[in-house]
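*Asks:*
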Amino acid sequence: MATIIEECLEETCSMGAHTLEDYESEMPRWCKGCGDHGVLAALQRVLRKNNIDPENVVSVSGIGCSSRLPHYMNTYGFHGIHGRALPISTGVRLARPELKVIVTMGDGDCFSIGGNHWLHAIRYNIDAVVLVLDNEVYALTKMQVSPTSPEGTKTNTTPKGTYLRPMNPLSIVAGMTNVSFIAQSATWLPSHLDETIEKAWDHKGLSFVRILQRCPVFMPSAFGEGGLNYPVTFLENESGIPVHPGLLKRGPSKPHNHFDLNDAQRVAATVDPAPMGLIYHNPELPTYEEIRAGRCKRPDHETFIKRLDGVLDRFAV
Amino acid sequence: MNGPQIVRLPEHIVEIVSDAGEGAQKAAVSFAQVCAKAGNGLWTVEIIPSEIQPPPHTTGSASGNRIRLAERGNVTNVGNLANVVFAFNEMALLSRLQAESVAPDALFLIDDQWATHDVEAYRKSYREVLEQVRKGGGTVIEVPLEKETQKHVDDTRRGKNMFAVGMLCALYSKELEILREVVRNVFKKKTRKVVDTAVKLATAGYEYGLANFETRFEIPALPTDKSMVAMNGNTALAIGAVAAGFDLCSMYPITPATSASHVLSDIFEDFGGFVHQAEDEIAAIGVALGASYAGKTAITITSGPGMALKTEFQGLAVMTETPLVIVDVQRGGPSTGLPTKIEQGDLLHSLYGTPGDAPKVVMAASTIEECYYILSTARKIAEEFRMLVIVLSDANLATGQQLFVRPDVSKTPRRPPLDLSPVADDALPYDWDPVTGLSQRLIPGQPGGMGVITSLNHDRNGKACYDSERNQRGHQMRSRKLAALQKSLQPPAIHGAEEGDLLLIGWGSTRGTIEEAVDMARAEGSNVSSVNIQFLSPLPPGLKKIFSRFQKVMTVELNYSDDWDDPLINAESRRYGQLAWLLRAATLIDIDCYAKVPGRPLMPVEIYNEIQKHLEEGAKPGKEKTAAQKEGN
Numbered sequence: 003m004a005t006i007i008e009e010c011l012e013e014t015c016s017m018g019a020h021t022l023e024d025y026e027s028e029m030p031r032w033c034k035g036c037g038d039h040g041v042l043a044a045l046q047r048v049l050r051k052n053n054i055d056p057e058n059v060v061s062v063s064g065i066g067c068s069s070r071l072p073h074y075m076n077t078y079g080f081h082g083i084h085g086r087a088l089p090i091s092t093g094v095r096l097a098r099p100e101l102k103v104i105v106t107m108g109d110g111d112c113f114s115i116g117g118n119h120w121l122h123a124i125r126y127n128i129d130a131v132v133l134v135l136d137n138e139v140y141a142l143t144k145m146q147v148s149p150t151s152p153e154g155t156k157t158n159t160t161p162k163g164t165y166l167r168p169m170n171p172l173s174i175v176a177g178m179t180n181v182s183f184i185a186q187s188a189t190w191l192p193s194h195l196d197e198t199i200e201k202a203w204d205h206k207g208l209s210f211v212r213i214l215q216r217c218p219v220f221m222p223s224a225f226g227e228g229g230l231n232y233p234v235t236f237l238e239n240e241s242g243i244p245v246h247p248g249l250l251k252r253g254p255s256k257p258h259n260h261f262d263l264n265d266a267q268r269v270a271a272t273v274d275p276a277p278m279g280l281i282y283h284n285p286e287l288p289t290y291e292e293i294r295a296g297r298c299k300r301p302d303h304e305t306f307i308k309r310l311d312g313v314l315d316r317f318a319v
Numbered sequence: 052m053n054g055p056q057i058v059r060l061p062e063h064i065v066e067i068v069s070d071a072g073e074g075a076q077k078a079a080v081s082f083a084q085v086c087a088k089a090g091n092g093l094w095t096v097e098i099i100p101s102e103i104q105p106p107p108h109t110t111g112s113a114s115g116n117r118i119r120l121a122e123r124g125n126v127t128n129v130g131n132l133a134n135v136v137f138a139f140n141e142m143a144l145l146s147r148l149q150a151e152s153v154a155p156d157a158l159f160l161i162d163d164q165w166a167t168h169d170v171e172a173y174r175k176s177y178r179e180v181l182e183q184v185r186k187g188g189g190t191v192i193e194v195p196l197e198k199e200t201q202k203h204v205d206d207t208r209r210g211k212n213m214f215a216v217g218m219l220c221a222l223y224s225k226e227l228e229i230l231r232e233v234v235r236n237v238f239k240k241k242t243r244k245v246v247d248t249a250v251k252l253a254t255a256g257y258e259y260g261l262a263n264f265e266t267r268f269e270i271p272a273l274p275t276d277k278s279m280v281a282m283n284g285n286t287a288l289a290i291g292a293v294a295a296g297f298d299l300c301s302m303y304p305i306t307p308a309t310s311a312s313h314v315l316s317d318i319f320e321d322f323g324g325f326v327h328q329a330e331d332e333i334a335a336i337g338v339a340l341g342a343s344y345a346g347k348t349a350i351t352i353t354s355g356p357g358m359a360l361k362t363e364f365q366g367l368a369v370m371t372e373t374p375l376v377i378v379d380v381q382r383g384g385p386s387t388g389l390p391t392k393i394e395q396g397d398l399l400h401s402l403y404g405t406p407g408d409a410p411k412v413v414m415a416a417s418t419i420e421e422c423y424y425i426l427s428t429a430r431k432i433a434e435e436f437r438m439l440v441i442v443l444s445d446a447n448l449a450t451g452q453q454l455f456v457r458p459d460v461s462k463t464p465r466r467p468p469l470d471l472s473p474v475a476d477d478a479l480p481y482d483w484d485p486v487t488g489l490s491q492r493l494i495p496g497q498p499g500g501m502g503v504i505t506s507l508n509h510d511r512n513g514k515a516c517y518d519s520e521r522n523q524r525g526h527q528m529r530s531r532k533l534a535a536l537q538k539s540l541q542p543p544a545i546h547g548a549e550e551g552d553l554l555l556i557g558w559g560s561t562r563g564t565i566e567e568a569v570d571m572a573r574a575e576g577s578n579v580s581s582v583n584i585q586f587l588s589p590l591p592p593g594l595k596k597i598f599s600r601f602q603k604v605m606t607v608e609l610n611y612s613d614d615w616d617d618p619l620i621n622a623e624s625r626r627y628g629q630l631a632w633l634l635r636a637a638t639l640i641d642i643d644c645y646a647k648v649p650g651r652p653l654m655p656v657e658i659y660n661e662i663q664k665h666l667e668e669g670a671k672p673g674k675e676k677t678a679a680q681k682e683g684n
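Chains R and L are the protein sequences, given in the same order.
The number in this note's numbering is simply the position in the first sequence, starting from 1, with 2 added.
The number in this note's numbering is simply the position in the second sequence, starting from 1, with 51 added.
#1: Using a Cβ-Cβ distance cut-off of 8 angstroms, determine whether R:L101 contacts chain L.
#2: Pick out whichever of L:I103, L:G124, L:G115 has its Cα sitting closest to the Cα of L:G92.
#3: DSSP on L:Y645, reduced to helix/strand/coil?
#4: For L:M279, go through chain R and note every residue whose CB falls closer than 8 angstroms to its CB, in chain order.
#5: I think L:A281 touches L:L454, with their Cβ atoms under 8 angstroms apart; what is that distance to the nearest whole Å?
#6: Counting only runs of 4+ residues fully inside the stretch 572–655 of chain L, write out the alpha helix (DSSP H) ranges in chain order.
#7: Please state whether DSSP places R:K299 in a helix, a strand or coil.
#8: For L:S386 and L:F364, what's the separation of their Cα atoms in angstroms?
#9: Quick one: what's got a C-beta closer than 8 angstroms to L:G513's C-beta in the same chain, skipping five residues either side?
#10: To the nearest angstrom, report how far apart L:K664 and L:A637 are at their CA atoms.
#11: I'd like to know whether the C-beta of L:P458 is nearer than 8 angstroms to at least one C-beta of chain R.
#12: Going by C-alpha to C-alpha distance, which of L:L315, L:L443, L:L554, L:K538 sits closest to L:T487?
#13: Could you tell me whether any Cβ in chain R is nearer than 8 angstroms to the Cβ of L:P271?
#14: For L:T286, is the classification buried or exposed, using 16 other Cβ atoms within 10 angstroms of its Cβ as the cut-off for buried?
#15: Just checking: is the beta-carbon of L:L498 within a distance shorter than 8 angstroms of some beta-carbon in chain R?
#16: Quick check on DSSP: helix, strand or coil for R:Y140?
#17: Three or more C-beta pairs under 8 angstroms: does that hold for the stretch 223–239 of chain L against the stretch 191–198 of chain L?
#18: Buried or exposed: where does L:V338 fall if 16 or more other Cβ atoms within 10 Å of its Cβ makes it buried?
#19: Considering only the beta carbon of each residue, do R:L374 and R:G279 sit closer than 8 angstroms?
#20: Between which residues of its own chain and L:R635 is the CB-CB distance below 8 angstroms, once the five residues before and five after are set aside?
#21: In the DSSP output, what is R:C217 paired with across the bridge?
#22: Within 10 angstroms of its Cβ, does L:S224 collect 16 or more other Cβ (buried), or is it exposed?
#23: By a C-beta neighbour count over all protein chains shown, 10 Å radius and 16 as the cutoff for buried, is L:H313 buried or exposed?
#24: If distances are taken between C-alpha atoms only, which option among L:I64, L:A349, L:A416 comes closest to L:F268?
#25: Should the stretch 183–202 of chain R be called in touch with the stretch 245–261 of chain R, which here means at least 3 C-beta pairs below 8 angstroms?
#26: Which of the three DSSP states is assigned to R:G279 in this structure?
#27: Quick one: give me the first and last residue of the beta strand (DSSP E) that L:N140 is part of.
#28: Restricting to Cα atoms, I'd like to know which of L:K647, L:E623, L:D616, L:N621 is closest to L:Q629.
#29: Apart from the five residues on each side of it in sequence, which residues of its chain come closer than 7 angstroms, Cβ to Cβ, to L:N684?
#30: Using CA coordinates, which residue listed in L:A294, L:D331, L:P542 is at the minimum distance from L:R465?
#31: Can the beta-carbon of L:I305 be found closer than 8 angstroms to that of R:R86?
#32: Output yes or no for whether 8 angstroms exceeds the beta carbon distance between L:T564 and L:P649.
#33: Name the chain C residues that come within less than 8 angstroms of L:M282, Cβ to Cβ?
#34: Shorter than 8 angstroms from the beta carbon of R:K144 to some beta carbon of chain L?
#35: What separation, rounded to the nearest whole angstrom, lies between the Cα atoms of R:V234 and R:N52?
#36: So, does the stretch 540–547 of chain L touch the stretch 104–122 of chain L, judging by three or more C-beta pairs under 8 angstroms?
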């Protein structure tokens, strides 16, 4: 671990190093106590730590509370439409693989309206950090049931309580071909969240991170009033997400081999206690942009013209 | 014996039909290529069943092609009734009679195997159909297609078509060497044995024709010193997309648009581009939009139902002012409608199908040649105006083949690398020019340009805002771009005289048909002209002035309008053709329409008859007259 002196040296000696302010935009307009604030701060810290040029980052989102995040980042941002952040991100990555892409989505945004895109983006394994901010409720539209709402949750569209059991997104992702990174963290575990996003940032491929958080207005009871008594187990592995000793107050830790997909699927299927940490990691899988965009080199103008002429030859009469 | 009688003709229409899977499509393509190489102008139209393998020996199984051949270089449409039908069985032949696409006195070639077939039902229907043909005035030539093919191959389903092409080439006095070259080329990806057999069959068919046909046709080619190409509209779109400099095509398979992506998939990587087949239509446009936002040139190609799914993202492209080109190869609708057949039903949907008020550019290709060039224009407009450009094609252009002058690739513009030079720190994502609404496009990677584009209403700096003043401003700025574009357009050219009794207005693939009908009427002294509108949004300038010089104005369209004779229909209840609807609103002129949905291209003669009808009704606008009559009932 770097000493304070080393950190200071790094900051003063590296010319043109970015500061946290470089990634900050307008004041976030989320509710007081919303977990989104923590995710934003964690993301900005990761960019700062990796000294990323803000102009090379594209923050993409759909619609919903969490999807306002691009507005609060001083990077390029594309605040799109409900459920559709992943196709946009795929387009950005395919067009310009040198750009870094961060995707923030809500639980309804990703798992429900964007469900098809979610599954296929995992299959494409585009290189992007995909953060799903899961508060188990539709908040921006003022409290409707979400695919992850616990059974019996009373919302405006389920006044007598939800009829269905909640979806387990981790299990679904762990069942997808080409999945390369699955992690789970929570906003009430800030140091763990920082480490998780950092790990996701370092991964080449689609890093799927589910972040548990409560909505203080419409679902204050989620995760035991914000995680105070929420049952979790920390996944331990020396190449995983560090479990700092302080975390053990929130739950026990257990060893986990995140390189083994079978182990990962078993852990992903566990909901009580919720697994926290790196569930699956395959750093070897090629990304879609490597496979596709990488092999398409635009020829020089003369070659381009020659080839175009060659194509027309096929239709000459 | 005396030699055969040679009949010289200026043009002819030939239809080749078989059961699906028997290769009439390939036969037709080969025949068309032989004719093209011999210097004939041509236009082909696919005849396709809606299933992959419909029950054989039924009218529903008929699959093939219609080929219009002419001595002229430039054939622009499907033509009228067919002169020759080559049918592999009598049900395929019957399907063409039912389609009312064949002249009663046409020449019918048919495989004679059914006359003596084991199945009595076939023998019976063969006799009946032939009798029907002869009664109508047709000439029948029974040819031993199956028997002759059997001499060369075991599976005649995979050989008859080549024998048939040989016969047709003999019938039309084509050169054997050209035929052999074309056949070799058509099968070039197959094994040597397959190629040799195909050439042998075609040659045998040719020799059979020479020895047996008493009458042969000759359509002389008009000499030209220009190099020509023959292809269908989807191929032209695909190659045109490459020439226009597109980097990425994101699509989801849908008939009749898909074959454009097949061609692109085949060639695009050699040009640094590629095709992404997305998980659905929504994702397809989303990926294209993301790529365009990131600075590359992206296109998505689809058809009606796919357009419907893409509308939400279209709104996003408009709101974020991200350049994007969508091609809609229209087919019959609504819903799944007629997947393989032509209609021009998506005009108003393209213009207004997006949530809210979403100004966009809508253009229509009117010929296959134009399919090649239109994407260059569409791309330039999309990028210069930061707009969504919708290009409308249709099933007629998509699958038909046309001969046109080979594009000059040396004129392909050089593509500069992406400009990522830094911009001033106060650069705004929507730095709207107050008059034109135009603004500089900032691209991720450009230092200083960081900011958010959003689907929410926003001000010049891209921040979401909800107040009425800035909402009005945003709409104004997005809309003024259309007016700015319209300033740069020319009034449309008039085919025929500048003034007269009747003006026909069309858009898209009906152009050649309308112009041919106008030429027929003008040759008889009628004062008829026509206009083709390429820009549907914004409309070109000067329309009102042009319309005012004609006694009567009407659109000709392949979409639905109520007939005046329908019950309940009067001037208030009538639904007009879509262009008529648009032009009536834009010009306040009482524009009539001839709009119908036959699921096939219009024939020149149909429009010609309509012209006669309207000229007979007199110089007064027919609608008013008819409406008045109607109210008098």
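Ideal placement from N, C-alpha and C gives every residue a C-beta, glycine not left out.
Computed from a predicted structure; not experimentally measured.
*Replies:* A quick look at the data gives this:
#1: Closer than 8 angstroms to some Cβ of chain L, the Cβ of R:L101 qualifies, so yes.
#2: The shortest C-alpha to C-alpha distance from L:G92 to any of L:I103, L:G124, L:G115 is the one to L:G124.
#3: Secondary structure of L:Y645 (DSSP, three-state): strand.
#4: Those within 8 angstroms of L:M279 in chain R are A318, V319.
#5: The pair is a contact, with the Cβ atoms about 5 angstroms apart (cut-off 8 angstroms).
#6: DSSP runs (the alpha helix (DSSP H)) wholly in the stretch 572–655 of chain L: 594–599, 629–638.
#7: Note: R:K299 maps to coil in three-state DSSP.
#8: Between L:S386 and L:F364, the C-alpha separation is close to 20 angstroms.
#9: L479, P480, Y481, G502, V503, I504, T505.
#10: Answer to the nearest angstrom: the Cα atoms are 26 angstroms apart.
#11: Output row for L:P458: interface = yes.
#12: If you compare the alpha carbons of L:L315, L:L443, L:L554, L:K538 with that of L:T487, the shortest gap goes to L:K538.
#13: So no, L:P271 is outside the interface.
#14: When all chains shown are included, L:T286 counts as buried.
#15: For the sequence presented, residue 498 of chain L should be read as Pro rather than Leu. Using a CB distance cut-off of 8 angstroms, L:P498 counts as an interface residue toward chain R.
#16: DSSP places R:Y140 in strand when its eight states are reduced to three.
#17: Result no; under three Cβ-Cβ pairs closer than 8 angstroms.
#18: It counts as buried.
#19: Residue 374 of chain R lies beyond the residue range present for chain R, which begins at 3 and ends at 319; the question has no answer from this structure.
#20: Correct list, in chain order: Y627, D641, I642.
#21: Its beta-bridge partners are R:M221.
#22: Result: buried.
#23: With fewer than 16 other CB atoms across the displayed protein chains lying within 10 angstroms of its CB, L:H313 is exposed.
#24: Cα-wise, what sits closest to L:F268 is L:I64.
#25: Remark: three or more beta-carbon pairs, one from each stretch, lie closer than 8 angstroms, so the stretch 183–202 of chain R and the stretch 245–261 of chain R are flagged as touching.
#26: It is a strand residue.
#27: According to the DSSP assignment, L:N140 belongs to no beta strand (DSSP E), since it is labelled neither H nor E.
#28: When only C-alpha atoms are compared, the closest one is L:K647.
#29: Bear in mind that a pLDDT of 39 at L:N684, under 50, signals an unreliable position, so the number given afterwards is only what the model happens to contain. Apart from the 5 residues on each side of it in sequence, L:N684 has no Cβ closer than 7 angstroms to any other Cβ in its chain.
#30: For the residues L:A294, L:D331, L:P542, the minimum Cα distance to L:R465 belongs to L:A294.
#31: No, Cβ-Cβ distance for L:I305 and R:R86 is not below 8 angstroms.
#32: No.
#33: Although the question refers to chain C, the structure presented lacks it and instead comprises the protein chains R and L.
#34: Not closer than 8 angstroms to any Cβ of chain L, the Cβ of R:K144 fails to qualify, so no.
#35: Roughly 30 angstroms between the two C-alpha positions.
#36: Touching, no, given that fewer than three Cβ pairs across the two stretches are closer than 8 angstroms.
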